[in-house]
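Scroll down for the structure; my scribbles are underneath it.
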Amino acid sequence: MISKLRIGHGYDIHRLKHGGGKLVVAGVVVSDQLAAVAHSDGDVVYHSIVDAILGAMGWGDIGEHFPDTDPQWRGAESVRFVNEVCARIKQEHFHVQSLDVTLLLQQPKIRPFKQQMLENVQSHFPKAIVNIKAGTNEGVDAVGRGEAIAAHAVALLAADT
Ligand SMILES: [Zn+2]
152 MISKLRIGHG YDIHRLKHGG GKLVVAGVVV SDQLAAVAHS DGDVVYHSIV
202 DAILGAMGWG DIGEHFPDTD PQWRGAESVR FVNEVCARIK QEHFHVQSLD
252 VTLLLQQPKI RPFKQQMLEN VQSHFPKAIV NIKAGTNEGV DAVGRGEAIA
302 AHAVALLAAD T
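Rendered as structure tokens:
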């Protein structure tokens, strides 16, 4: 019998450019001094969540589903990818049961934005336990030097039954 539970992992990283723009994380603008280098808004939390869900379903990755070569997705707000993937799992009679995200970013401090991030993510997954952890990379590697922003996500999906 095929399991009614499915688990997936997502990872995303974007280079950061300094000197203006806006940095969007889980749909929240956290800086107007930094911006992610990306075709979309470069929202690493949403991208890693989408990849975790696609992974759980055995559906490949975000680049295959939302290619930046497709005018439909180029420059798209990442919330659209989340909405789309939620609609697709619903069609398959699955839902997200728990979602755990680790955001890695040296600057700015995420604490003031965390509640809004949590609420934004939770709004897409009413049946899920959602958790967001945020850390710096302790000054180590590209993330630690403030050159990049990254996120990991793990999603557990269950059949609606
Ligand atoms: Zn991304």
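The opening residue of the sequence shown carries number 152 in the working numbering; numbering runs sequentially from there. By construction, the Cβ of each residue, glycine as well, lies at the ideal position given by its N, Cα and C atoms. Source: prediction; values computed, not measured.
- The beta-carbon separation of cysteine 237 and histidine 198, rounded to 14 Å, does not stay under the 8 Å limit for a contact.
- Contact check between the region 193-209 and the region 242-257: three or more CB pairs, one atom from each, fall below 8 Å, which counts as touching.
- From the listed residues Arg166, Gly193, Ala309 and Ala304, the smallest Cα separation to lysine 241 is found for Ala309.
- Put simply, of Lys168, Gln258, Ser229 and Val291 the residue whose alpha carbon is nearest the alpha carbon of valine 272 is Ser229.
- Here asparagine 282 carries a strand assignment [DSSP, helix/strand/coil].
- The C-beta distance from isoleucine 164 to alanine 285 rounds to 15 Å, too long to fall under 8 Å, and the pair is not in contact.
- Considering only Val188, Val247, Met208 and Asp212, the residue with the shortest C-alpha distance to alanine 301 is Val188.
- Judged by DSSP secondary structure, serine 229 falls outside any beta strand (DSSP E); it is assigned neither H nor E.
- Measuring C-alpha to C-alpha distances from lysine 260 to each of Gly295, Asp311 and Glu215 identifies Gly295 as the nearest.
- Under DSSP, alanine 186 takes part in a beta bridge, and its partners are Lys168.
- Distances taken from the Cβ of valine 195 to the heavy atoms of ligand 1 include one shorter than 7 Å.
- Note that the C-beta distance between histidine 190 and arginine 157 is not below 8 Å.
- Valine 272: not part of any beta strand (DSSP E); member of the alpha helix (DSSP H) spanning 262-275, first to last residue.
- Residue side-chain check: histidine 198 places its Cβ nearer than 7 Å to a non-hydrogen atom of ligand 1.
- The straight-line gap separating the alpha-carbon atoms of glutamate 289 and phenylalanine 217 is approximately 33 Å.
- Residue pairing of phenylalanine 245 in beta bridges, as defined by DSSP: Ala310.
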